[in-house]
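S.K.: This is the structure I have questions about; it appears just below.
There are 2 protein chains.
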Amino acid sequence: MATNGTNGTNGINGHTNRFDPHFTKHVIDLIGPETAPRHKEILSSLISHLHDFIREVELTQDEWVVGVNYVNSIGQAYRKNRNEAWRICDVLGVESLVDEINHKIVTEQGISPTSSAILGPFWSPDTPFRDLGASVVQDMPPDGQLTYFHGMIKDVETKKGIPNAVFDMWQASTNGKYDSFDPENQSKHNLRGKFKTDENGRFNFYCLKPTEYAIDTSGPSGDLLKLMGRHPNRPAHIHMMVTHPDYIGVTAQLYPNDDPWLETDTVCAVKDDLLLNFTPVENEPKDAVLDCEYDVSLLSKRYKPDSTMLMGNAAGEKL
Amino acid sequence: MATNGTNGTNGINGHTNRFDPHFTKHVIDLIGPETAPRHKEILSSLISHLHDFIREVELTQDEWVVGVNYVNSIGQAYRKNRNEAWRICDVLGVESLVDEINHKIVTEQGISPTSSAILGPFWSPDTPFRDLGASVVQDMPPDGQLTYFHGMIKDVETKKGIPNAVFDMWQASTNGKYDSFDPENQSKHNLRGKFKTDENGRFNFYCLKPTEYAIDTSGPSGDLLKLMGRHPNRPAHIHMMVTHPDYIGVTAQLYPNDDPWLETDTVCAVKDDLLLNFTPVENEPKDAVLDCEYDVSLLSKRYKPDSTMLMGNAAGEKL
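As given, the protein sequences belong to chains A and B, one line each in that order. First residue of the first sequence: 1, per UniProt numbering; consecutive thereafter. First residue of the second sequence: 1, per UniProt numbering; consecutive thereafter.
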């Protein structure tokens, strides 16, 4: 892996283990006895992997200085609605990985309910309940495609519908903005709604076919994307948070299966069971032009009685 | 290693490999074909180790948010003379590790010249040459201990002295400050000097016995030290940069062997061959109260013709 100039030149540094084998342990052992065990565990692992990374690539002095300056630039670029550390985590797949670690469920029988995906910062605790069959489209954009969205929330083991489960959904309008960040075009609660399933576990409502948008690339996270040769686009998505007192909730994003950015999502949050199929319809009662059916599977809380939902985050920006 | 609440509870997540085994590769594979090979190598290793760290400790959502906020705080705390990203690297041993990777030399015969240690930001390109036997102490602090410092710069293979080698030294005064950062107490070039070895490779001059100081703990690097249960003290040290046209130069810090902070240096920059022994003397010609002898070993440049010295850095603060 060595690519810098200190190796193999005229017979110096021929010893492959020329680096002090005790150095990383020395740094970890500096952690004092009063540090909480969990902090010690995290810091020890962090130091170990950080050193391994540096040794693996044999980081040069100049490269290290570039890294120091980059880390400083992250906080310097921090603004309201521009949390660069958060965005960089997303670009590097960190938020999705943390989401998976904390929310992925596989039973001993190998059964998994619907996958979770990152919440993002636009969930609202104030979203109103709407009647089944209602529309969340309060302000129809000219380029919006009205969609009849329906499905069932079911028990992943029994496959039976779960009555009185809540399907809480939110989505951006066709301009890529959510209601509260777009007051000139959208009224409060536009493209948001909570729906309670019927006695068969079924729900249905009208929404827009979601549209993709690019994330802001003006900060260090944008520089990282460019360095990696990546585009800034997120696939279109509808957010959902599904809850029921007796079931482990799931928060996810649902993506049209024909979206061009599924494989290369900027924030790496696409999973195979979160894809939506939109089909054209004609003469629909409310003039919807598309139909989309999606079922959600939940696992009983008896598997995890202490289950809690992540009910918000600190990013304050669109993901 | 799992300590969060998602494991082994009532039989869920019993599958040890429940995390997507392809996820890290997926993120790495997003790197485009136009990214420079070295950038790709560094980013791939960084992503791989970052993900391994997160999986190893099973980072919780809350812990991750703490990390995001901490990373943002680093750049937000950046000030002139307070480069927090740099300091955090020092606390985590990163600068010392990078120094070792870039400067440690072991010949195929297993011979090593004098070790290097981090340069720090206080080297000056303007330091004057002084005659052998001169004093660098222009402004004697009341609590200073004048020291006669002498030694030989020799070829690590032949053990012979190297004439006309340059021993460039600098040190803080007893208040922990370097000349240019302490204009009210120190004149320009105080406690700095360049000395050229004589025909036997010998050098000698007068300086102060160095005194330890604590690094500033007002920023995120100080918070990290506290979290790790560590003190902020650096062992006392004299900086040296030794050069000769025909030899690979060495930059290092030299520490009194009785310093209480050698084992727990905040920046992890102490090495066994960089220790100084100070012995009391009486009736010394210039009234020095201590004597210190230290020899430096250099390796011929024919082992590494492209050798360059790091001639400055961007930290702008005391290390």
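Just so it is clear, CB atoms sit at the ideal spot from N, CA and C, and this is done for glycine as well. Predicted model only: the values in this text are computed from it and were never measured.
1) If you count every other CB in all the chains shown that lies within 10 Å of the CB of A/Ser218, and 16 or more means buried, which is it?
2) Can you tell me whether B/Tyr303 is buried or exposed? The criterion is at least 16 other CB atoms within 10 Å of its CB, across all chains shown.
3) For the beta strand (DSSP E) holding B/Glu293, just list the boundary residues, first then last.
4) From A/His239 to B/Asn102, what does the alpha carbon distance come to, in whole angstroms?
5) Given A/Val289, which residues of its chain have a CB within under 7 Å of its CB, disregarding the five upstream and five downstream residues?
6) Given A/Asn190, which residues of its chain have a CB within under 8 Å of its CB, disregarding the five upstream and five downstream residues?
7) Could you name the residues of the same chain whose beta carbon sits closer than 8 Å to that of A/Ile111, not counting the 5 residues immediately before and after it, in chain order?
8) Just to confirm the assignment, what range does the alpha helix (DSSP H) spanning A/Gln61 have?
9) Determine, using beta-carbon pairs with one atom in the region 26-45 of chain B and one in the region 106-125 of chain A, whether at least three such pairs fall under 8 Å.
10) Relative to the alpha-carbon of B/Asp198, which residue among B/Arg79, B/Pro163, B/Leu92 and B/Ile248 has its alpha-carbon at the smallest distance?
11) Please tell me whether A/Asp223 has its Cβ less than 8 Å away from any Cβ of chain B.
12) Buried or exposed: where does B/His51 fall if 16 or more other Cβ atoms within 10 Å of its Cβ makes it buried?
13) Taking the C-alpha atoms as reference points, what is the distance between B/Leu224 and A/Phe149?
14) Taking 8 Å as the CB-CB cut-off, is B/Ala314 touching chain A?
15) Starting from A/Asn233, find everything on chain B with Cβ-Cβ shorter than 7 Å and list it in chain order.
16) Please check if any C-beta of chain A sits within less than 8 Å of the C-beta of B/Asn277.
17) Looking at A/Pro128: is its Cβ nearer than 8 Å to the Cβ of A/Gly229?
18) For the putative contact between B/Tyr255 and B/His237, defined by C-beta atoms under 8 Å, what is the C-beta separation to the nearest angstrom?
19) Can you give me the start and stop residues for the beta strand (DSSP E) that B/Trp170 sits inside?
20) Which residues bound the alpha helix (DSSP H) around B/Asp223?
21) Could you name the residues of chain A that B/Gly120 contacts, counting a contact when the two beta carbons are closer than 7 Å?
22) If the criterion is Cβ atoms closer than 8 Å, does the pair A/Asn30 and B/Thr107 meet it?
23) Within the same chain, show all residues whose beta-carbon is closer than 7 Å to that of B/Val270, passing over the 5 residues directly before and after it, in chain order.
24) Can you tell me whether A/Lys80 is buried or exposed? The criterion is at least 16 other CB atoms within 10 Å of its CB, across all chains shown.
25) Buried or exposed for A/His22, please, with buried defined as at least 16 other CB atoms from any protein chain shown within 10 angstroms of its CB.
26) Just curious, the beta strand (DSSP E) that B/Phe129 is in, first and last residue?
27) I'd like the list of long-range same chain contacts for A/Ala252, defined as Cβ closer than 7 Å, with 5 residues on each side in sequence excluded.
28) Just how far apart, CA to CA, sit A/Lys301 and A/Thr243?
29) Kindly indicate if chain A contains any beta-carbon less than 8 Å away from that of B/Leu92.
30) Can you tell me the Cβ-Cβ gap for A/Phe195 and A/Leu132, rounded? I've got them flagged as a contact below 8 Å.
31) Pull the bridge partners of A/Phe278 from the DSSP assignment, please.
32) Which same chain residues, not among the five before or five after B/Leu276, have their C-beta less than 7 Å away from its C-beta?
33) Return the CA-CA distance between A/Glu63 and A/Phe181, expressed in angstroms with no decimal places.
34) Measure how close the beta-carbons of B/Val68 and A/Trp86 come, nearest whole angstrom, since I'm counting them as under 8 Å.
35) Since A/Thr251 is in the beta strand (DSSP E), which residue starts that stretch and which ends it?
36) Just curious, the alpha helix (DSSP H) that B/Leu50 is in, first and last residue?
M.R.: On the basis of the coordinates in this document:
1) exposed
2) buried
3) Residue range Leu290 to Glu293 is occupied by the beta strand (DSSP E) that includes B/Glu293.
4) 48 Å
5) Gln145, Leu146, Pro280 and Val281
6) Val136, Val137, Gln138, Asp139, Ser173 and Asp179
7) So the qualifying residues of the chain are Val156, Glu157 and Leu299.
8) Gln61 to Gln76
9) No, the region 26-45 of chain B is not in contact with the region 106-125 of chain A.
10) Among B/Arg79, B/Pro163, B/Leu92 and B/Ile248, the Cα nearest to that of B/Asp198 is on B/Pro163.
11) Cβ-Cβ to chain B under 8 Å: no for A/Asp223.
12) buried
13) 49 Å
14) Below a pLDDT of 50, predicted positions are generally treated as unreliable, and B/Ala314, at 34, falls in that range; the measurement from the model is reported next regardless. Yes, B/Ala314 lies at the interface with chain A (some Cβ there is under 8 Å from its Cβ).
15) In chain order: nothing, as chain B lies at least about 12 Å away.
16) no
17) no
18) 5 Å
19) Val166 to Trp170
20) Pro220 to Leu227
21) What B/Gly120 touches in chain A, judged by beta-carbon distance under 7 Å, is nothing: the nearest beta carbon there is about 13 Å away.
22) Looking at the sequence provided, one finds Leu at residue 30 of chain A rather than Asn. 8 Å or more divides the Cβ of A/Leu30 from the Cβ of B/Thr107.
23) For B/Val270, where only same-chain residues beyond five positions count, the Cβ hits under 7 Å are Pro235, Tyr255 and Leu262.
24) The residue is exposed, with fewer than 16 neighbouring Cβ atoms inside 10 Å.
25) A/His22 is exposed by the Cβ-count criterion.
26) No beta strand (DSSP E) contains B/Phe129, which DSSP labels as neither H nor E.
27) Closer than 7 Å at Cβ, skipping near neighbours: Thr114, Ser115, Ser116, Ala117, Met240 and Leu274.
28) 11 Å
29) yes
30) 6 Å
31) A/Cys292, per the DSSP bridge assignment.
32) Its chain contains Leu254, Tyr255, Pro256, Asn257, Cys292 and Tyr294 as the residues whose beta carbon lies nearer than 7 Å to that of B/Leu276, once the 5 sequence neighbours on both sides are disregarded; these appear in chain order.
33) 39 Å
34) 5 Å
35) Tyr247 to Pro256
36) Pro37 to Val57
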